[in-house]
Structure formats: structure tokens, C-alpha cells
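*Asks:* My questions will all concern the structure given below.
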Amino acid sequence: MSFLHKSVKSDKEVDMKQELPNVHIIATGGTISGIGANRLDYTQYSDTGNRYTIEQLIGRIPEVQNIANLTYENLLATGSTNITPIDWLVIAERANTLLQEGIDGIVITHGTATLEETAYFLNLTVKSNKPVVLTGAMRPPSSMSTDADINLLDAIRIASSKNASNMGVMGVLNNQIHSAREIIKMNTLRVDTFQSNDLGFLGFVDSDGQVIFYRNSTKTHTYQSEFSTQGLNQLPRVDIVVAYSGGDGLLIEAVKKNESQGLILAGFGSGTLPTVMKDSALQLVKDGIPVVLASRSIMGRIVLTEKFRDEGFITCDNLSPQKARILLMLSLLQTSDTQKIRDLFEKY
């Protein structure tokens, strides 16, 4: 399915410098484009209904003129709380088209609420080894001490860097470069909210503007991935249920009634569940609905024990519940076989 969009470009873009890389920016909305009521408006800026265009945001960082030739577009204009799987497909299709046309790197501006989810989806569906970098802001450009300008500048630096090839999709905020697979939002308001937990970030953009990497992501991604969005206009429905003290089977039964094609169960610690909740999950497995065990805990992996294997569960390795959902959605496009899905979770 094709998705229409309107590119927004500046007349200044005709003055391309041949020695510089060509970077395209896809704007999708979020705090990075927000305009608050005053300089201390850090939380209710969306209420004003006003936004910066990507052209205006680029105009705030004239330093980019010596880093890259920029083209840009406002593809979406929404807070990332309202980003949907359909939007993922739109962004992925646009990114793949641009990368095939000869763009050297892509920057995607995005709300921070679900940046990690869009990043991981693209990490599995973008068919290129060129840099694709997502960035956003915790403080809108209109606020005191905004992080919008430096985050956008750093993202452009990374998308322009030859060092960033073959690294998979990345997220950059607070000068730190994170793998799309590991990045997670850890704090509601602080500018250092994004972390990579157990594994640490990939590298950083230093004070001299250098893009430095100290590790890479060893899991399969981007051009190595077998997943494709070509021809898709929707994804299988997969829901997430979180375990809690006294939890029963009510929510799991609702998932079945809602005709979900898969379930992510965020259990306690190593994936354990209240007995009643587990009984309902086992019934889903018997009914042929894949159930992936994840954890409420932020760090660590879920081990595929003999018991979990015998019960028919799939385990998520160290993926967060929200990223396990994305991988299961894409896996279901290929197979509903439990062992084959287990293999995909081990690979990605």
C-alpha cells in the first residue's frame, strides 16, 4: 500500500555542497516541535496547539550548514502517545524509499513517549546499512534550557557519519547514542531519561562534534532482517498484560475475546505469574495463540526453562514487553509456529 505525504523544502536547499553527505529529516511531531505558553512550560505545551515546523527547527541550528546537505519534510504532526502501528508502516516505507534514492542518512524527529517502539520497529524493517537516527526532546524549543537544538544537531552529525553505518537504527538524546533494541525511557521528565540499562549505550557525540562508537549491537537488524513492510497496510493485533498481586484471568480472557493474535505477558521477575493468571495464559496457548513471557523488571532476560518450554510459552530474551510486542507482531506475519517464533526471538 502506498502512503501519500507532502514534502516541505526550502529554497536554500539548492545550494548543495558536493563534499558533504546528504541527510534527510522526517518530522513526526512530539515535544521537539512544541511551543509552550511560556519559558517554564515543560509539560502542557501541547495545549497551545502551536508547533515548530522542521524548517524552523533547522533554522535554530545554523551550524548544520558545515555538516550535511539537508532535505526535510513534515510527514506526521502528532504527539507520540498517538503513534500507531499504521504510522510505523508509513515511516518505514518513507525511510526505505529515501534510502534507495541515494540519501546518505536519515534523521527522524519523534515524541519521546514511544520513540523506543518506533525505533525498534524500524530496526527490524529498514532495508539499509545507512544511518537512521531517531531523536526528540524532553523540553520543548520554547522552554528554558531546551534540549531540542543539541539533540537535533547530534542526530544530524550521526546520520552524516561514516562510523554510523551498519549500526542499525539508533536513538540519540543527551549526547548518547543508543541501539534501537536497547533504548528505553527511564524518567518522566529528566533530559537524561534514555538509557540502555544492562548493555550501555553504543557511543556518544563528544564536545568536539566527533561521533564515537565503543560497541555495536550483535542482534540481527535492518538490512540483515527478514521482515518486510512492503504491501502491508496493517499489522497483527498483539496485546500486553501486566502481572500484579492478586491478578486473575480477566484481562487475558478479554484479550481472547478481542481476537488478538498474540499476547505479551509481563510477569514478575523472571517471568513468573499468579497461578490463576497463568492458568488463563495456558488456555490461550492450547487455543493456538502465541504467548510470550516478558518481565515487569527493567533489566535481565527471561530464560526459556524446561518448564516454560513444556508449557508452550515463548520467552522474550531481554526485550521489554513493548518491544517484544513489536517482534511478535512481525513474527506473526511469517508464522504462528511456537518454535519458529522462539527462534526469531533468539535471533532479534
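In numbering that gives the first Met the number 0, the protein residues as written are 0 to 347. Positions of the beta carbon are idealized from the N, C-alpha and C atoms, including for glycine.
#1: Please report the distance separating the alpha-carbon of GLY170 from that of ASP286.
#2: Please classify VAL284: does DSSP put it in a helix, a strand, or coil?
#3: Consult DSSP for ASN186 and reduce its assignment to one of helix, strand or coil.
#4: By the DSSP assignment, the alpha helix (DSSP H) with SER330 in it spans what residues?
#5: Please name the residue in LEU283, ASP207, SER144 whose C-alpha comes closest to that of VAL254.
#6: May I have the straight-line CA-CA distance separating ILE340 from GLU100, to the nearest angstrom?
#7: Quick check on the burial criterion: 16 or more other C-beta atoms within 10 angstroms. Buried or exposed for TYR222?
#8: So, with DSSP's three-state summary, where would you put THR221?
#9: Please report the straight-line C-alpha distance between MET15 and GLY104, rounded to a whole angstrom.
#10: At what residues does the alpha helix (DSSP H) containing GLU305 begin and finish?
#11: Can you tell which of SER144, SER279, LEU172 has its C-alpha closest to the C-alpha of ILE288?
#12: Tell me, which residues are paired with MET176 by DSSP?
#13: Roughly how many angstroms separate the alpha carbons of THR304 and ILE263, rounded to a whole number?
#14: Excluding five sequence neighbours on each side, which residues of the same chain lie with their C-beta closer than 6 Å to the C-beta of ALA76?
#15: Using a threshold of 9 Å, state whether the C-beta atoms of ASN95 and THR117 are closer than that.
#16: Does the separation of the CB atoms of LEU172 and LEU234 fall below 9 Å?
#17: What did DSSP end up calling ILE251 once you bin it into helix, strand or coil?
#18: Which residues in the same chain as ASN150 place their Cβ atom closer than 6 Å to its Cβ, once the five residues preceding and following it in sequence are excluded?
#19: Between SER206, SER259, PHE193, which has its C-alpha nearest THR113's C-alpha?
#20: Quick one: residues in its chain with C-beta nearer than 7 Å to the C-beta of GLN333, no 5 flanking neighbours on either side, listed in chain order?
#21: Return helix, strand or coil for GLY33, following the three-state DSSP convention.
#22: Here's the rule: buried if 16 or more other CB atoms are within 10 angstroms of the residue's CB, otherwise exposed. What is ALA36?
#23: Can you check which of these residues, ILE66, GLN64, ILE31, is closest to ARG50 by C-alpha distance?
#24: Is the number of C-beta pairs between the region 306-316 and the region 235-243 that are closer than 8 Å three or more?
#25: Indicate the three-state DSSP secondary structure (helix, strand or coil) for GLU345 in the structure shown.
#26: Note down, one range per segment and in chain order, each alpha helix (DSSP H) of at least 4 residues found wholly within the region 106-138.
#27: Counting only the same chain and skipping the five closest in sequence on each side, list residues whose C-beta sits under 6 Å from that of SER216.
#28: Between the beta-carbon of ASN65 and the beta-carbon of HIS220, is there less than 9 Å?
#29: Measuring CB to CB, does ALA265 end up less than 9 Å from VAL290?
#30: Consult DSSP for SER1 and reduce its assignment to one of helix, strand or coil.
#31: Within 10 Å of its beta-carbon, does ASN21 have 16 or more other beta-carbons around it, so buried, or fewer, so exposed?
#32: Does MET15 come out as helix, strand or coil in the three-state DSSP assignment?
*Replies:* In short:
#1: 38 Å
#2: helix
#3: coil
#4: 320-331
#5: LEU283
#6: 33 Å
#7: exposed
#8: helix
#9: 15 Å
#10: 305-310
#11: SER279
#12: Note on residue identity: the sequence assigns Ile, not Met, to residue 176. Its beta-bridge partners are VAL171, GLY202.
#13: 17 Å
#14: GLY28
#15: no
#16: no
#17: helix
#18: THR134, ALA136, LEU172
#19: PHE193
#20: none
#21: strand
#22: exposed
#23: ILE31
#24: no
#25: helix
#26: 114-124
#27: GLY167, SER178, ARG180
#28: no
#29: no
#30: Here the model assigns SER1 a pLDDT of 30, short of 50, so the residue's position is not dependable and the matter cannot be decided.
#31: buried
#32: coil
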